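> Here's a structure for you.
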Amino acid sequence: MDLLDFARGPALQWSLVIMVFGLAWRLTGILLLKKKPDFSEPRYKDTFHGRMLMIMRRMWPKEEFVRNSLLDLVLGYVFHIGLFVVVFFFLPHILFIKDLTGLSWPNLPNGVIFFVGAITVAALFALLMQRIMTPVKRLLSNFDDYFSWFVTTAPLITGLLAAAHVGARYETLLAIHLLTVALLFVWLPFGKLFHTVMVFVSRGATGGAFERKGAAI
Amino acid sequence: MTGSLRTVGDALARRGVSRRAFMKFCGALASSMALPPGVVPAMAEALAKAQRPSVIWLSFQECTGCTESITRADSPTLEDLIFNLVSLDYHHTLQAVSGFAAEEAREHAMKAHHGKYLLLVDGSLPPKETEYYSTIAGISNYQMLEEAAKGAAAIIAVGSCAAFGGLPVASPNPTRAVSVRDVIKDKPVINVPGCPPIPVVMTGVLAHYLTFGKLPDLDHLGRPKVFYGETIHDRCYRRPFYEQGKFAKTFDDEGARQGWCLYELGCKGPITYNACATVKWNFHTSFPIESGHGCLGCSEPGFWDRGSFYKPLSTGELSKATTIAGAAAVGVAVGAAAAMMSRSRQEKVTGGK
Numbered sequence: 001m002d003l004l005d006f007a008r009g010p011a012l013q014w015s016l017v018i019m020v021f022g023l024a025w026r027l028t029g030i031l032l033l034k035k036k037p038d039f040s041e042p043r044y045k046d047t048f049h050g051r052m053l054m055i056m057r058r059m060w061p062k063e064e065f066v067r068n069s070l071l072d073l074v075l076g077y078v079f080h081i082g083l084f085v086v087v088f089f090f091l092p093h094i095l096f097i098k099d100l101t102g103l104s105w106p107n108l109p110n111g112v113i114f115f116v117g118a119i120t121v122a123a124l125f126a127l128l129m130q131r132i133m134t135p136v137k138r139l140l141s142n143f144d145d146y147f148s149w150f151v152t153t154a155p156l157i158t159g160l161l162a163a164a165h166v167g168a169r170y171e172t173l174l175a176i177h178l179l180t181v182a183l184l185f186v187w188l189p190f191g192k193l194f195h196t197v198m199v200f201v202s203r204g205a206t207g208g209a210f211e212r213k214g215a216a217i
Numbered sequence: 001m002t003g004s005l006r007t008v009g010d011a012l013a014r015r016g017v018s019r020r021a022f023m024k025f026c027g028a029l030a031s032s033m034a035l036p037p038g039v040v041p042a043m044a045e046a047l048a049k050a051q052r053p054s055v056i057w058l059s060f061q062e063c064t065g066c067t068e069s070i071t072r073a074d075s076p077t078l079e080d081l082i083f084n085l086v087s088l089d090y091h092h093t094l095q096a097v098s099g100f101a102a103e104e105a106r107e108h109a110m111k112a113h114h115g116k117y118l119l120l121v122d123g124s125l126p127p128k129e130t131e132y133y134s135t136i137a138g139i140s141n142y143q144m145l146e147e148a149a150k151g152a153a154a155i156i157a158v159g160s161c162a163a164f165g166g167l168p169v170a171s172p173n174p175t176r177a178v179s180v181r182d183v184i185k186d187k188p189v190i191n192v193p194g195c196p197p198i199p200v201v202m203t204g205v206l207a208h209y210l211t212f213g214k215l216p217d218l219d220h221l222g223r224p225k226v227f228y229g230e231t232i233h234d235r236c237y238r239r240p241f242y243e244q245g246k247f248a249k250t251f252d253d254e255g256a257r258q259g260w261c262l263y264e265l266g267c268k269g270p271i272t273y274n275a276c277a278t279v280k281w282n283f284h285t286s287f288p289i290e291s292g293h294g295c296l297g298c299s300e301p302g303f304w305d306r307g308s309f310y311k312p313l314s315t316g317e318l319s320k321a322t323t324i325a326g327a328a329a330v331g332v333a334v335g336a337a338a339a340m341m342s343r344s345r346q347e348k349v350t351g352g353k
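Chains as they are written, first to last, in the working numbering: chain X, 1 to 217; chain B, 1 to 353.
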């Protein structure tokens with residue numbers, strides 16, 4: 001078994017198993033936690049509207065914070081949208097998802113994917129530099145932040161290198177790319193990347209609580 | 001077929017081959033090996049003076065596809081090869097004699113040209129522990145290879161079976177077959193894989209040896225870089241469609257008719273190093289992708305065990321979905337247990353309020 005066979009076989013298989021196990025474990029654990037009893041009279045019993053509103057409103061900061069966090073916002077959106085495009089609209093990725101779930105959709109030309117991928121990598125590096133250069137952010141950052149950045153950026157870089165055939169033979173680069181993806185899968189449920197699943201759950205829960213109390217969202 | 005070591009030039013002259021035809025032949029050879037045009041006169045001179053080496057071709061666990069392929073060589077043709085360029089002294093399929101006479105021819109060639117003959121092997125072979133799974137004239141493949149290798153100037157493993165084990169090695173490998181390189185450690189072995197290899201690649205490697213008196217530059221798998229230096233994907237005429245994101249979804253859809261990329265249909269061109277896309281097959285007519293089928297990756301080790309030929313390269317070789325479903329079920333159970341423990345602790349602290 002060579003490196004590519006290992007990456008396509010056991011590495012992907014076990015990383016997927018760990019990711020699914022971890023996601024199921026953490027989601028179930030959180031969703032089944034006992035809620036704090038609230039004895040107050042609810043302002044609104046149906047909190048669906050509040051949940052949805054909070055999910056949407058938190059996509060953009062309050063006006064007074066926009067100026068100070070504009071760069072974060074732009075870079076954050078660039079790399080999130082970039083990641084979405086690269087992960088979900090590159091044909092080999094769609095085929096991987098199709099093989100797992102049976103779902104597929106149209107792909108974008110490779111040139112578009114590579115362009116978006118390069119911009120995404122640049123945005124991720126800019127955010128890393130900002131994290132390191134800004135004293136407050138540096139103090140707030142821990143291993144989880146840096147490792148989560150690494151496991152997000154590594155598949156992008158290795159994917160671009162594989163596409164451009166730079167640094168090694170294609171099959172080696174492809175194997176390394178798949179191994180970095182496997183690392184991402186393994187880390188996703190256990191670090192800050194878990195927000196990919198929890199972002200809407202936590203925002204919805206907060207929105208529901210606010211709505212119940214009649215607080216402004 | 002036993003022949004003396006005449007020069008190639010003598011053999012050509014005897015057969016009435018003109019200088020012009022010989023230069024054309026050298027030009028074609030140089031071109032197939034990606035050598036510059038300036039090298040052709042030197043090549044012609046070297047080839048004309050080259051001694052026709054004795055060639056012993058051993059066939060072990062194989063299907064004769066490699067021999068079938070070389071009979072379709074066009075530059076040089078098989079006739080050119082065995083009448084002008086080399087003295088083919090032993091080959092099961094091509095030789096006229098059989099039985100004891102055939103084995104005598106091999107033994108005679110091995111003695112007469114000791115240290116000078118070229119040994120070509122197609123097919124894998126069982127190792128010493130299981131050597132009697134495959135025998136010829138009562139001699140195991142293992143023993144025959146070991147004996148023949150001792151006096152060989154160089155060994156060429158022809159086809160994926162000889163180079164990497166090929167189909168006989170595929171799981172469950174009932175004969176525990178191994179490649180030539182797994183057995184021969186003290187001699188240069190050049191791998192010319194493919195199932196079968198491209199004819200001109202086989203003849204080109206021989207011609208290179210005759211011209212330059214040495215083996216060509218090899219890659220990390222022992223393959224001549226000149227023929228195995230680039231992937232099928234990199235030289236594929238359908239590559240622009242890959243870049244444009246245009247893929248055939250089935251073998252008979254509009255994309256297939258338009259000649260779009262076959263990646264989605266399982267083409268292994270991106271990880272396969274071979275000259276099919278440039279040299280092509282059947283007198284340079286076409287190659288599998290041009291005929292509408294994805295590359296199987298037959299010149300790569302273990303190609304037979306790399307899952308379905310029709311599964312895209314980017315998909316994993318994953319076991320059944322039940323494993324993933326099982327992981328989800330276990331995760332839910334562990335999460336529920338953790339939540340219950342947390343609730344229980346919470347109730348202890350709050351007294352159930």
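All residues carry an ideal CB built from backbone N, CA and C; glycine is no exception. Computed from a prediction, not measured in an experiment: that's the story for all the values here.
#1: Does the separation of the CB atoms of E317(B) and R8(X) fall below 7 Å?
#2: Pick helix, strand or coil for F6(X), following the three-state DSSP scheme.
#3: With a threshold of 6 Å on Cβ separation, who are the neighbours of W304(B) within its own chain once the five nearest residues in sequence on each side are excluded?
#4: Does the segment 73-91 of chain B touch the segment 188-208 of chain B, meaning 3 or more C-beta pairs lie closer than 8 Å?
#5: Runs of 4 residues minimum, wholly inside the segment 144-203 of chain X: which ones carry the alpha helix (DSSP H) assignment?
#6: In whole angstroms, what separates the C-alpha of M110(B) from that of L125(B)?
#7: Quick one, which residues of the segment 221-243 of chain B are near chain X if we go by CB-CB under 8 Å, in chain order?
#8: Is the beta carbon of P189(X) sitting closer than 7 Å to the one on M54(X)?
#9: What residue range does the beta strand (DSSP E) around S291(B) cover?
#10: For G326(B) and V349(B), what's the separation of their Cα atoms in angstroms?
#11: Looking at the structure shown, is V226(B) part of a helix, part of a strand, or coil, going by DSSP?
#12: Quick one: list the residues of chain B neighbouring H93(X), beta-carbon separation under 8 Å, in chain order.
#13: Is any beta-carbon of chain B found at less than 7 Å from that of W25(X)?
#14: State the Cα-Cα distance for the pair Q95(B) and E79(B), rounded to the nearest angstrom.
#15: Give me the residue from K24(B), G307(B), L29(B), K214(B) with the minimum Cα distance to M1(X).
#16: For G222(B) and D252(B), what's the separation of their Cα atoms in angstroms?
#17: Is the Cβ-Cβ distance between T158(X) and A336(B) less than 7 Å?
#18: Check the Cβ-Cβ distances between V330(B) and every residue of chain X, and say whether any is below 7 Å.
#19: Straight-line CA distance for T101(X) to A321(B)?
#20: So, helix, strand or coil for W57(B), using DSSP?
#21: So what's G14(X) in DSSP terms, helix, strand or just coil?
#22: Please decide whether V181(X) counts as near chain B, where near means a Cβ-Cβ distance under 7 Å.
#23: Can you tell me the Cα-Cα spacing of T71(B) and E146(B), whole angstroms?
#24: Going by C-alpha distance, which of E68(B), P53(B), Y90(B), F212(B) is nearest L35(B)?
#25: So with Cβ pairs under 7 Å, would you call L32(X) a contact of chain B?
#26: Taking F355(B) and G266(B) to be in contact with their CB atoms under 8 Å, please state how far apart those CB atoms are, rounded to whole angstroms.
#27: Please classify D186(B) as buried or exposed, where buried requires at least 16 neighbouring CB atoms within 10 angstroms.
#28: Using beta carbons (cut-off 7 Å, strictly below), is G9(X) in contact with chain B?
#29: Just to check my reading of the structure: A163(B) and V192(B) have Cβ atoms closer than 8 Å, yes? What is that Cβ distance to the nearest angstrom?
#30: Once you ignore the five residues that flank S4(B) on each side, which residues in its own chain have a CB closer than 7 Å to its CB?
#31: With C-beta atoms as the reference, is V55(B) less than 7 Å away from L12(B)?
In this structure, then:
#1: Here residue 317(B) refers to the residue found at position 317 when the second sequence is read from its first residue. Here residue 8(X) refers to the residue found at position 8 when the first sequence is read from its first residue. Against a cut-off of 7 Å, the Cβ pair of R8(X) and E317(B) comes out as a contact.
#2: Stepping through the first sequence from its first residue, residue 6(X) is reached at position 6. Here F6(X) sits in helix by DSSP.
#3: Indexing the second sequence from 1 puts residue 304(B) at position 304. Excluding sequence neighbours, W304(B) sits near L167, A170.
#4: yes
#5: 170-187
#6: In the second sequence, residue 110(B) corresponds to position 110, counting from 1. In the second sequence, residue 125(B) corresponds to position 125, counting from 1. When rounded, the distance between both Cα atoms is 20 Å.
#7: T231, H233, D234, Y242, E243
#8: Against the first sequence, residue 189(X) aligns to sequence position 189. Against the first sequence, residue 54(X) aligns to sequence position 54. No; because the gap between Cβ atoms is not below 7 Å, this pair is not in contact.
#9: Residue mapping note: residue 291(B) aligns to position 291 of the second sequence, counting from 1. Per DSSP, S291(B) belongs to no beta strand (DSSP E) and is neither H nor E.
#10: Here residue 326(B) refers to the residue found at position 326 when the second sequence is read from its first residue. Here residue 349(B) refers to the residue found at position 349 when the second sequence is read from its first residue. Cα to Cα, G326(B) sits roughly 35 Å from V349(B).
#11: Taking the second sequence and counting its residues from 1, one reaches residue 226(B) at position 226. Here V226(B) sits in helix by DSSP.
#12: Here the question's residue 93(X) lines up with position 93 in the first sequence. Correct list: S314.
#13: Position 25 of the first sequence, counted from the start, is the residue given in the question as residue 25(X). Yes, W25(X) counts as interfacial toward chain B.
#14: On the second sequence, position 95 is the one that residue 95(B) refers to. On the second sequence, position 79 is the one that residue 79(B) refers to. Roughly 13 Å separates the two Cα atoms.
#15: By 1-based counting over the first sequence, the position of residue 1(X) is 1. The candidate whose alpha carbon is nearest that of M1(X) is G307(B).
#16: Position 222 of the second sequence, counted from the start, is the residue given in the question as residue 222(B). Position 252 of the second sequence, counted from the start, is the residue given in the question as residue 252(B). Spanning the two alpha carbons is a distance of roughly 38 Å.
#17: As a first step, residue 158(X) must be located in the first sequence, where it is residue number 158. As a first step, residue 336(B) must be located in the second sequence, where it is residue number 336. No, the Cβ-Cβ distance between T158(X) and A336(B) is not below 7 Å.
#18: As a working mapping, residue 330(B) is identified with position 330 in the second sequence. Yes, contact with chain X.
#19: For this step, residue 101(X) is matched to residue 101 along the first sequence. For this step, residue 321(B) is matched to residue 321 along the second sequence. If I take the Cα positions, the gap works out to 10 Å.
#20: Residue 57(B) sits at position 57 when you count from the first residue of the second sequence. Note: W57(B) maps to strand in three-state DSSP.
#21: Sequence index remark: in the first sequence, residue 14(X) carries index 14 (1-based). The sequence given here has Trp at residue 14(X), not Gly. DSSP places W14(X) in helix when its eight states are reduced to three.
#22: Against the first sequence, residue 181(X) aligns to sequence position 181. No - not a single Cβ of chain B is within 7 Å of the one on V181(X).
#23: For the purposes of this step, residue 71(B) is identified with residue 71 of the second sequence, where counting begins at 1. For the purposes of this step, residue 146(B) is identified with residue 146 of the second sequence, where counting begins at 1. One C-alpha to the other measures close to 27 Å.
#24: Sequence index remark: in the second sequence, residue 35(B) carries index 35 (1-based). If we check each option's Cα against that of L35(B), F212(B) comes out closest.
#25: Translated into the one-based positions of the first sequence, residue 32(X) becomes position 32. It does; some Cβ of chain B falls within 7 Å.
#26: Here chain B has residues from 1 to 353 only, and residue 355(B) is not among them.
#27: Here residue 186(B) is taken as the residue at index 186 of the second sequence, counted from 1. It counts as exposed.
#28: To locate residue 9(X), count along the first sequence from 1; it is residue 9. Yes, its Cβ sits closer than 7 Å to a Cβ of chain B.
#29: Here the question's residue 163(B) lines up with position 163 in the second sequence. Here the question's residue 192(B) lines up with position 192 in the second sequence. About 7 Å separates the two Cβ atoms, so the contact holds.
#30: For the purposes of this step, residue 4(B) is taken as residue 4 along the second sequence, with counting starting at 1. Low per-residue confidence applies at S4(B): pLDDT is 49, beneath 50, and the placement is therefore not dependable, though the value from the model is reported in the following sentence. Cβ neighbours of S4(B) beyond the five flanking positions: none.
#31: For the purposes of this step, residue 55(B) is identified with residue 55 of the second sequence, where counting begins at 1. For the purposes of this step, residue 12(B) is identified with residue 12 of the second sequence, where counting begins at 1. Going by C-beta atoms, V55(B) is not nearer than 7 Å to L12(B).
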